[in-house]
Amino acid sequence: MWRYRDWLPLRDGEEPVTLGEGMTPLLRMPGLERRYGLRALWIKDESKNPTGSFKARGLAMAVTRAALAGAPAFTVPTAGNAGVALSAYACRAGIPARVYAPRMTPDTLLAQVRAFGATLELVDGHIGDCGRLSRAHAATTGAFDVSTLREPYRIEGKKTLGLELAEQLAWSLPDVIVYPAGGGTGLIGMWKAFRELARAGWLPDTLPRFFAAQSTGCAPLVRAVETGATRTEPWPDPKTVASGLCVPAPLGGALMLRAIRESGGGAVAVSDEALCAAQRELAAGHGIDAAPEGGAGLAALEELHRRGVVGPTDCVVVFNTGAGWLYR
Ligand SMILES: *Cc1c(COP(=O)(O)O)cnc(C)c1O
Numbered sequence: 037m038w039r040y041r042d043w044l045p046l047r048d049g050e051e052p053v054t055l056g057e058g059m060t061p062l063l064r065m066p067g068l069e070r071r072y073g074l075r076a077l078w079i080k081d082e083s084k085n086p087t088g089s090f091k092a093r094g095l096a097m098a099v100t101r102a103a104l105a106g107a108p109a110f111t112v113p114t115a116g117n118a119g120v121a122l123s124a125y126a127c128r129a130g131i132p133a134r135v136y137a138p139r140m141t142p143d144t145l146l147a148q149v150r151a152f153g154a155t156l157e158l159v160d161g162h163i164g165d166c167g168r169l170s171r172a173h174a175a176t177t178g179a180f181d182v183s184t185l186r187e188p189y190r191i192e193g194k195k196t197l198g199l200e201l202a203e204q205l206a207w208s209l210p211d212v213i214v215y216p217a218g219g220g221t222g223l224i225g226m227w228k229a230f231r232e233l234a235r236a237g238w239l240p241d242t243l244p245r246f247f248a249a250q251s252t253g254c255a256p257l258v259r260a261v262e263t264g265a266t267r268t269e270p271w272p273d274p275k276t277v278a279s280g281l282c283v284p285a286p287l288g289g290a291l292m293l294r295a296i297r298e299s300g301g302g303a304v305a306v307s308d309e310a311l312c313a314a315q316r317e318l319a320a321g322h323g324i325d326a327a328p329e330g331g332a333g334l335a336a337l338e339e340l341h342r343r344g345v346v347g348p349t350d351c352v353v354v355f356n357t358g359a360g361w362l363y364r
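Each position in the sequence shown, counted from 1, maps to that position plus 36 in my numbering.
1. Since V304 and A265 should fall inside the 8 angstroms C-beta cutoff, what is the C-beta to C-beta distance between them, to a whole number of angstroms?
2. For T357, which three-state DSSP category applies?
3. Going by DSSP, name the residue or residues bridged to T155.
4. Entirely within the region 201-270 and at least 3 residues each: give me those beta strand (DSSP E) ranges in chain order.
5. Would you call T176 buried or exposed, if buried means 16 or more other Cβ atoms sit within 10 Å of its Cβ?
6. First and last residue of the beta strand (DSSP E) that includes P113?
7. What is the residue span of the beta strand (DSSP E) that A303 lies within?
8. Run through DSSP, which three-state label would D165 get?
9. What do you get for G56, buried or exposed, if any count of 16 or more other CB atoms within 10 angstroms of its CB means buried?
10. For G358 and D211, what's the separation of their Cα atoms in angstroms?
11. May I ask which residues mark the beginning and end of the alpha helix (DSSP H) holding L293?
12. Thinking C-alpha only, which one of T196, L104, P256, G321 is nearest G302?
13. For my contact list, A179 and F110 are in at a C-beta cut-off of 8 angstroms; report their separation, rounded to the angstrom.
14. Do the CB positions of A133 and A154 come within less than 8 angstroms of each other?
15. How would you label P348, buried or exposed, when you count the other beta carbons within 10 angstroms and need 16 or more for buried?
16. Can you tell me the Cα-Cα spacing of I131 and Y40, whole angstroms?
17. Tell me which residues share the same chain as L337 and place their Cβ nearer than 6 angstroms to its Cβ, disregarding the 5 neighbours each side in the sequence.
18. Buried or exposed: where does W361 fall if 16 or more other Cβ atoms within 10 Å of its Cβ makes it buried?
19. Measure the beta-carbon distance from G193 to A98 and round it to whole angstroms, keeping in mind my assumption that it falls under 8 angstroms.
20. Is it buried or exposed, P113, if we count other Cβ atoms within 10 angstroms and call 16 or more buried?
21. Go through its chain and collect everything with a Cβ distance to I224's Cβ below 7 angstroms, but skip five positions before and after it.
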C-alpha cells in the first residue's frame, strides 16, 4: 500500500513498518452478476493481506507513525483481527503490544495474537468493555492506545482501500460499495480517500453509494438510518458470529451515517444464518475463504437486490474484509 505514500502521513526519508499489505485481488464474479442482474460485480478480497484481514492497512500506518514518534508500547481492544494485526506490526517494529479481547473470541484469532508474541488479556464482556481496560492501561503505563478512531493514523491506512479500488478500476469508482461495518474505519477511510481524490482533480466529485452490512444481532447503524438519527444509539446485548461487526456503540457512528447519507446509500441488517450461508457459498461456490463479515456483505447485496435498490445499471463492489480460517 506504500505505493500511495504521497497520500499518507509519511515524510520523505521515513521507512514504513511493513509486511507487504495492500494491492489485494479485485475479483470479477460473473455468476453472481447474472443472478443479481448487475452490470458488474467484484469482490475485493482483503483476506489476502498479511494477518488475514484489512486491519493490516490501518495498523501498518498507525504502528509506523507511532514507532517514528517513539511509542514505548502499544495497547488495543479488539474483536480479533485488529489484535492480530497490531501484534504482528508491533513485533515487526520491535515494540511490545497488549491486546484486550472478549473471552468469546474464536480460538484461532487468539492463537495468532499469542504467536506474534503480544500479551493477551481475555475479558468477560464485549469490545466496549475491552476498550475501557485498554484506555486504563494506556493511562497508567504510557502505552499508545490504537483503538479505532482514538488515534488519527489507522484511518489514513484505510484510505488505501479507496485509492486502490480507484486504481484497480482504471481511475473510476463503482456505483455501489457494500461494506461490512463495525467500528467504521473502512467506510470512513474510503470516504476520506474519495474526497481527497476529487479535491486533487483525479476523480469527479461523485461518491459511490455506500451500503453498510450489519448483523441483526448488532445493527446500530441500520437502526439509525431507519429512524433518521444523526448518531447511533448503543445496541443492547450485542451478539453475532461476525465478531468484527459486534460493535454496539461505534465511536465513528455519526461519521459513518454522514458518509452513508451524503452518498445516497443505506444500511442493511442480515441474520447470522444468512451471513453464514453466504460465507459458505463464497467458499464452496467461488473458492473465496471469506470471514463471516464478508458473508454479511454478500447477504446484504442479496437483500439490496430483493428490494430493487441495485439493478442492471450498477457496478458493485462487495468487500470481503477478512479470512474465514481465522474463525475456525
Ligand atoms: C474490524 C472488522 C470489520 C469492521 O470494520 P470497521 O472498518 O471497523 O467497520 C469487518 N470485518 C472484519 C473481518 C473485521 O476484522
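Think of the CB as a built atom: it goes at the ideal place given N, C-alpha and C, for glycine as much as any other residue.
Only a predicted model underlies this, so the values are computations on that prediction, with no experimental measurement involved.
Quick answer:
1. Stepping through the sequence shown from its first residue, residue 304 is reached at position 268. Stepping through the sequence shown from its first residue, residue 265 is reached at position 229. Not really, about 17 angstroms apart at Cβ, beyond 8 angstroms.
2. One-based indexing of the sequence shown puts residue 357 at position 321. Here T357 sits in coil by DSSP.
3. Position 119 of the sequence shown, counted from the first residue, corresponds to residue 155. Answer by DSSP bridge pairing, in chain order: R134.
4. 212-216, 245-251
5. Here residue 176 refers to the residue found at position 140 of the sequence shown. Per the 10 Å Cβ criterion, exposed.
6. The residue you call residue 113 lines up with position 77 of the sequence shown. Note, P113: beta strand (DSSP E), 110-113.
7. The residue given as residue 303 occupies position 267 in the sequence shown. It spans 302-306 - the beta strand (DSSP E) in which A303 sits, taken as one unbroken run.
8. Here residue 165 corresponds to residue number 129 of the sequence shown, with the count starting at 1. Reduced to three states, the DSSP call for D165 is helix.
9. Working through the sequence shown from its first residue, we reach residue 56 at position 20. It is exposed - the Cβ of G56 has fewer than 16 other Cβ atoms within 10 Å.
10. For the purposes of this step, residue 358 is taken as residue 322 along the sequence shown, with counting starting at 1. For the purposes of this step, residue 211 is taken as residue 175 along the sequence shown, with counting starting at 1. Their backbone Cα atoms lie some 23 angstroms apart in a straight line.
11. Here residue 293 corresponds to residue number 257 of the sequence shown, with the count starting at 1. 289-298 is the extent of the alpha helix (DSSP H) around L293.
12. If you number the sequence shown from 1, residue 302 lands on position 266. It is P256.
13. Indexing the sequence shown from 1 puts residue 179 at position 143. Indexing the sequence shown from 1 puts residue 110 at position 74. Indeed, because the Cβ distance is near 6 angstroms, the residues count as touching under 8 angstroms.
14. Along the sequence shown, read from residue 1 onward, the residue named residue 133 stands at position 97. Along the sequence shown, read from residue 1 onward, the residue named residue 154 stands at position 118. Yes, they are a contact pair.
15. For the purposes of this step, residue 348 is identified with residue 312 of the sequence shown, where counting begins at 1. It counts as exposed.
16. For the purposes of this step, residue 131 is taken as the residue at position 95 of the sequence shown. For the purposes of this step, residue 40 is taken as the residue at position 4 of the sequence shown. Rounded to the nearest whole angstrom, the CA to CA distance from I131 to Y40 is 25 angstroms.
17. Working through the sequence shown from its first residue, we reach residue 337 at position 301. The residues are V214, V354.
18. What you label residue 361 is simply residue 325 of the sequence shown in a count that begins at 1. Looking at its Cβ environment, which holds fewer than 16 other Cβ atoms inside 10 Å, W361 is exposed.
19. For the purposes of this step, residue 193 is taken as residue 157 along the sequence shown, with counting starting at 1. For the purposes of this step, residue 98 is taken as residue 62 along the sequence shown, with counting starting at 1. Yes, G193 and A98 are in contact; Cβ-Cβ is about 7 angstroms, under 8 angstroms.
20. On the sequence shown, position 77 is the one that residue 113 refers to. Buried: at least 16 other Cβ atoms inside 10 Å.
21. For the purposes of this step, residue 224 is taken as the residue at position 188 of the sequence shown. Excluding five sequence positions before and after I224, the CB atoms of its chain that fall closer than 7 angstroms to its own CB belong to I191, G288, L291, M292, A295, given in chain order.
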